[in-house]
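Below is one structure, written out as structure tokens; the observations come after it.
There are 2 protein chains.
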Amino acid sequence: MNQGFVFRKDGFTGAEQELLVNETLFHNANGYFGVRGNFEERYPSDCPTVRGQYVNGFYNFSDMKQPEKHYGFPEQKQTMVNTFDTQTMVLTLEGEQVDLFQGTVLEFSRILDMKKGTTVRRFVWESPKGRQAEICITRMASFQLLPLFTIEYQITPLNFSGTAVMESVHSGDVSNYFNPKDSRVAGEKIIHLRVADLESTEEGFSLIRSETLRSGLDIASVVVHKVYAETGELGCPNGYVRERRIGDKDIVETLTIPVEERKAVTIVKYTVTCDSIRYENVKEAARKWMITSVDKPLNYWYQCQADYLEKFWEKAKIEITGDEELNLSLHYNLYQLLQSVGKDEYCNIGAKGLSGEGYEGHYFWDTEMYIVPFFSLTQPEVARNLLSYRHHILDRARANARVMGYPKGALYPWRTINGDECSGYYPSGSAQYHINGDIAYAVVQYYLITGDWNFIVSKGAEIVMETARMWYDLGNFYQGTFQLHDLTGPDEYSCVVNNNYYTNLTAQHNMAWAAQFYHMLKEQGQLAALEEKIGIEEAEVEGFEEAAEKMLLLYDEKLDINPQDDSFLSKKEWDFNQEKKTNGPIMQWNHLYRLYRYQVCKQADTVLAHMIFEDAQKLSTMKNSFDYYEKRTTHDSSLSRCIFGIVASKLGMKEKAYEYFDFSSKLDILDSQHNTKDGIHTANMGGTYMGIVYGFLGLRVKKRGFFFMPSIPEQWNSYQLRLQLKGSLIEVTVTKDSCRFQLLQGEQITIFVYGREYPAVSELTIALEEW
Amino acid sequence: MNQGFVFRKDGFTGAEQELLVNETLFHNANGYFGVRGNFEERYPSDCPTVRGQYVNGFYNFSDMKQPEKHYGFPEQKQTMVNTFDTQTMVLTLEGEQVDLFQGTVLEFSRILDMKKGTTVRRFVWESPKGRQAEICITRMASFQLLPLFTIEYQITPLNFSGTAVMESVHSGDVSNYFNPKDSRVAGEKIIHLRVADLESTEEGFSLIRSETLRSGLDIASVVVHKVYAETGELGCPNGYVRERRIGDKDIVETLTIPVEERKAVTIVKYTVTCDSIRYENVKEAARKWMITSVDKPLNYWYQCQADYLEKFWEKAKIEITGDEELNLSLHYNLYQLLQSVGKDEYCNIGAKGLSGEGYEGHYFWDTEMYIVPFFSLTQPEVARNLLSYRHHILDRARANARVMGYPKGALYPWRTINGDECSGYYPSGSAQYHINGDIAYAVVQYYLITGDWNFIVSKGAEIVMETARMWYDLGNFYQGTFQLHDLTGPDEYSCVVNNNYYTNLTAQHNMAWAAQFYHMLKEQGQLAALEEKIGIEEAEVEGFEEAAEKMLLLYDEKLDINPQDDSFLSKKEWDFNQEKKTNGPIMQWNHLYRLYRYQVCKQADTVLAHMIFEDAQKLSTMKNSFDYYEKRTTHDSSLSRCIFGIVASKLGMKEKAYEYFDFSSKLDILDSQHNTKDGIHTANMGGTYMGIVYGFLGLRVKKRGFFFMPSIPEQWNSYQLRLQLKGSLIEVTVTKDSCRFQLLQGEQITIFVYGREYPAVSELTIALEEW
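Line by line, the protein sequences give chains A and B. For what it's worth, the working numbering labels the leading residue of the first sequence as 777, then goes sequentially. For what it's worth, the working numbering labels the leading residue of the second sequence as 777, then goes sequentially.
As structure tokens, this is what we get:
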């Protein structure tokens, strides 16, 4: 039963917003590259579109002008580059160009099959002159062969025979999307690439190599077409005629093919892309991978894709019964995470994955706090890659720390591709130093989930110690407490504050674990390399321990809540009635510094702290804080609701938990944030996963082990999912009255359910409890 | 004895920095326009220069790109425009071009005569071929006829006769200075003007009209030359030959003049400039004023200039005996204020006056807190003009308040020319809301000093009430106090803080006086107009009174100081030993947000509050605060030391007071801040004046009257100055042991000396007291 794995939209309206959103929703990606789901034949010229193909981690520099120049304010940023256009294919049937905005669309559907790993756009079109044809276009970004993108374009004339002319474009004449009104995409049209070579290779492949104008990178794409009739591959020039025109910036291939009524003709367009971050000679690499690609029939690659996904879903299995919509949404979200996530240490996972240009392809804390949990629990090798990227950019984070005035340690950039800070607005960008704590938290969680000590020895401990050093230098012992000043927590409507509760907790955890790893490495005689590399010393570690112990964690006794920061409670109350909350983020019509003066939150902040450090405060404090902040949160960030949902579960607010989960799960599918056109919200997608595993199932990973608090929403019959805990694959099934843990692979493990310890579990069924 | 009024520098080194600084120090201005003291003949092309002529209040717009677009962040600024070049005059003697960088400079001096109101550059030059000539160039920016600038260029061949060829330039081909490294001047070369007309008028004048590219303004300049031998004016073409070449952007006049050994020939170049802010038809206006100008001999205008200055110095008299250097510096500073200050409501006084392009010609709080006191006490009509400018831009301040989220009232821009905010960096720009309080404070002080109730009725009360409204909307009653959050006080190294002591005091004063004026207007039946215009109501005024009364004014009992803001004392201490304080502002090598995290001040903040509101706290608190903040202040702002000096006087620290005063007084003359090349520091100059009047003489203007605490530095024999108090001209003479107050004009007035009241004083001598 694949029903929960097929995402489908039927019907064609031609509405601009719908087209844009579908470009995102039906994009193809494999973590290495992504192609927006644009129409091969293009839209009418006045119809907005973000037409793009991106490579993860491949960037150009562009100016980020500061209105005033100040020391250390970045004046250059990286931008994920639209690399090539190889998806454009313009079909003309008997002299009439296929165009859904002309003639009549008789049938139309778009399908993403998450077990096949392909998208399909199928339509029946009647031309202005009455010719009817069925077109079925299948696209794939291969997980097996990461540089490979395929378009299988099938044409079936329904009421005529004659000639089909396909003009297939391979173009380097591309630029990034430009909308001067939107701060979340690049603010001005900038040329990023220069076409350096256009050629036909000795094999007859079409090849373009482009160079970035400022970042010193280059990238090559190779395109090959094959044409099939129902009887098999057609030869050229006997079966069809091919013409190639090499222009200044593009290569256009025109395929003239005889077609017969009711007989399908198929054009397969292979694109292989290789960039200079991964390959020394991009032209050679692309050629080589293309030879490999066309050596096998397309079905071979389809099969590889299905095999890859079978393995993926086997580990990532998650099924809800009794709520088909949510079941599908959840699969959609996890599939998008897989499409988006980088597969090597040169890249990570963008806030919008590879599905659009929002946030310019940058990587944020979203990775560690929202996405690493899914991968740590289901595909640890991917999580390890994500964290290895942070180790890969550690030198840049060290350099950043020096600029910011810290003599030792590392400070990770708030948003980046190559490791350098790209945040142009410090208060809700670079000031979010908690990214250091977040990365350390993710390293520790990854270690606690997987037990991968080897990663800690080789990379993790270094990350955790270098980040800890920054906290220690930053903070101040004052009146018996260790304080952190002038930083911004997750809530971007309260910036540059003192003793943000979330920040102080993550910093405390960071320093405590730096000390912990130090002692563990020392005990095991594995400290020498790190001592030599970063000069870590006992006295420093004692400092970490003291600072962690004395960390100021704000608590208001009267309200029994944790104040978000030291002045939050003294701020004015926001008038939620006056603000039309439905019209998008309030920052779009309020000066940011006005918002900072109010008790209004963009997103979960203290509530997020309560989720990840549930033992740092009393349950009553969590409950009161939840109520307090929920009333004051706009959820203008897509990172907010999923967290509120998880903590609602923890607090036994089942209906609320479900509502938050429901909203988060469908956020992109329903375009609830009104910006899915710019790309998917990968953090929210990871948050959806956490909504089940940390929310309904109540998992918390602590030093002592794995803690579960299973529950189930009223709306569901059951849900089942698989987790990889310290190498063991566990299947958990929660029904309306019980929770069953079953070991599928690996050694028996100890778990805690409702606070009770169950050692060496291989199978365990427990009745659900209410609280 | 004019000695204290002649500022002179002898000798020519050709050193770049010296040339640049002297361009500033010897600039000519009259409040309407300013001309940098560039060499008429130019420097060698590789020698940096800021060659400019500026008109006060005349601006173009330019982009101020934000790295991220956010609601209400200004993306356009005004820039004071370099208008024309009419100072360029290239002299060739017998085929050898006069050039101080060639041949030999035998004598060289530059002189500013502050009673004549002219600058002179005089030199004796020997050409590479041995020709010697004495050149004496006198320049004047006429106070009598504001559009008029004159250059009197006298040539005396010392050892030859022959031909002098003067190529005199009238050019619209000008641009502003561009140094990409300096945040205090514009960051990129931008063309601001387009030459629209070049012509010879019917009178034979050379005329150029230019239009700003974006601000919709235009400006005309008219140039006329006259040539004189010792025997009188020379005719053309009999006495000399004139050729005019009209180019695309400039008009060059070549004067070929026979010269005789030891006989002086003089070329007088008149420039008249008129802009469209003041004149409807700028060409006609400039022509008309030129007709007026050339109708009189130059000596007539020189005499007008001297008369004007005689009146100025009569009121502004200030003499120190026993310290010639300081006496001269002080005169220099006051003269610069007169040169810089706008003479109509369309303009104000720039941070750099009209002497350079630093801060792009913008007006800041410098006006109200540092410069208005001098004018209020000596030339009240100028002070009234400065404050009328604030009334003139009140509608812009209202619009700004709306953008910032305030439904009522006005918020003045931190830096502006036309009234719109030009601050590109909010934390140490727009966040300095205290500018509202500063303007209200200056209005009240002006009223208390002059008794000009009419100004309050027509403009002042409206300003004070509209600014008060902003505070009331901004603040928050919390736990019995009225609090002001997320604002920046004067100290730009502690930004966006809560309850900054200075800000809260000025806001308190602002709201209290809004209520006060309301009651006074009501009592006198003069409220109706204002009620109608701004809808001020009794209930609102009661709100002001309550907020003022409950204003939170931070006090630390243990230290007996006023904390600068609510978190200042909990911040880290700055390591002054580690920082090389002599190399310029620490912000040049520290990230600003790092500085915010330390107890380090750029300038006087709480100490300034203590100066202007000395009754708001105990004397011990002032003393302890002074000591506390002095240790933590870098004085990286030129607005700092003068204030520390004044409060040092108040606290009886005579030596310290003298040192601060001495440093401030000579700041530009000695280029102590290393940036006088960008222009003079007008605020500091006003601060110097306050250093005597508020410092040594101890004047405080309060609701109850004029309070004096006379003292004299050890280094001086005596000092004497004049003050205009409620229309009465008072001369105050302080010797080593006494202080004499003498009424020169007007009615007897009541004063307080050392806290004791002396009613109806016409003459009063009091022995100096120590404290």
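Note that CB positions come from ideal geometry on N, CA and C, so glycine has one too. Keep in mind the model is a prediction, meaning the values are calculated, not measured.
- Contact between A:Gly-810 and A:Ser-1131 holds, with the beta-carbon distance rounding to 6 Å and staying under 8 Å.
- A:Leu-969 is a Cβ neighbour of A:Val-857, given a cutoff of 8 Å.
- DSSP places B:Ala-972 inside the beta strand (DSSP E), whose first and last residues are 969-976.
- A:Leu-1395 counts as exposed, since fewer than 16 other beta carbons sit within 10 angstroms of its beta carbon.
- In its chain, beyond the 5 residues on either side, Val-1477 have a beta carbon closer than 6 Å to the beta carbon of B:Leu-1224.
- Here the region 1235-1242 of chain A does not lie against the region 1262-1277 of chain A, with fewer than 3 beta-carbon pairs under 8 Å apart.
- With a beta-carbon spacing of about 13 Å, B:Asn-1109 and B:Thr-800 fall beyond the 8 Å limit used to define contacts.
- Not a single CB atom of chain A sits nearer than 8 Å to the CB of B:Met-1241.
- Taking 9 Å as the cut-off between beta carbons, the residues of the region 1333-1346 of chain B near chain A are Asp-1342, Ser-1343, Leu-1345, Ser-1346, in sequence order.
- Straight across, the Cα-Cα distance linking A:Phe-1258 with A:Val-1273 is about 15 Å.
- Within the model, the alpha-carbon separation for A:Arg-1021 versus A:Gln-873 is close to 20 Å.
- Residues of the region 1248-1269 of chain B whose Cβ lies closer than 8 Å to any Cβ of chain A, in chain order: Leu-1250, Asn-1252, Tyr-1254, Gln-1255, Gln-1259, His-1261, Asp-1262.
- Per the coordinates, the alpha-carbon of B:Asp-1403 lies some 21 Å from the alpha-carbon of B:Ile-1362.
- The secondary-structure analysis by DSSP pairs A:Asn-1252 across a beta bridge with A:Gln-1259.
- About 13 Å separates the beta carbons of A:Thr-864 and A:Ser-982, which is beyond the 8 Å limit, so they are not a contact pair.
- Taken through DSSP and simplified to helix, strand or coil, B:Asp-1454 comes out as helix.
- In the structure shown, the three-state DSSP call for B:Thr-864 is coil.
- Within a 10 Å sphere around the beta-carbon of A:Asp-1171 sit fewer than 16 other beta-carbons, which makes this residue exposed.
- Residue burial is scored here from C-beta neighbours: A:Pro-820 has fewer than 16 other C-beta atoms within 10 angstroms and is therefore classed as exposed.
- Only residues of its own chain outside the window of five on either side were considered, and among them Ala-1324 have a CB closer than 6 Å to the CB of A:Ala-1288, listed in chain order.
- Residue contact with chain A for B:Leu-867: absent (no Cβ-Cβ distance below 8 Å to any residue of chain A).
- By the neighbour-count criterion, in which a residue is buried when 16 or more other Cβ atoms sit within 10 angstroms of its Cβ, A:Arg-1038 is exposed.
- Chain A has a Cβ within less than 8 Å of the Cβ of B:Gly-1181.
- At the C-beta level, A:Glu-1133 and A:Tyr-953 come within 8 Å of one another.
- Taking a cut-off of 8 Å for Cβ pairs, the region 845-857 of chain B and the region 909-924 of chain B do not touch, as fewer than three such pairs fall below it.
- For A:Trp-1365, the neighbours in chain B by C-beta distance under 7 Å run, in chain order, Tyr-847.
- Taking the beta carbon of A:Ala-1207 as reference, the chain B residues within 8 Å of it are Tyr-1369, listed in sequence order.
- Residues of chain B whose Cβ lies closer than 7 Å to the Cβ of A:Val-1058 do not exist, since the nearest Cβ in that chain is about 31 Å away.
- For B:Asn-1176, the enclosing alpha helix (DSSP H) has its first and last residue at 1170-1179.
- Contact with chain B is found for A:Arg-1373, since one of that chain's Cβ atoms lies less than 8 Å from the residue's Cβ.
- Counting only residues of its own chain and dropping the five nearest sequence neighbours on each side, B:Phe-1140 has a CB closer than 6 Å to the CB of Ala-1127, Arg-1191.
- Close CB contacts of B:Cys-1080 within its chain, under the 6 Å cut and outside five residues either way in sequence, are with Gln-920 (chain order).
- The CB of A:Asn-1274 comes closer than 8 Å to the CB of Ser-1343, Ser-1346 in chain B, given here in chain order.
- No residue range can be given for A:Gln-1449, since it is assigned to no beta strand (DSSP E) and is classified by DSSP as neither H nor E.
- Within its own chain, the residues whose Cβ lies closer than 6 Å to the Cβ of B:Ser-1413, once the five positions on either side in sequence are excluded, are Lys-1378, Gln-1379, listed in chain order.
- Only residues of its own chain outside the window of five on either side were considered, and among them none has a CB closer than 7 Å to the CB of B:Asn-1230.
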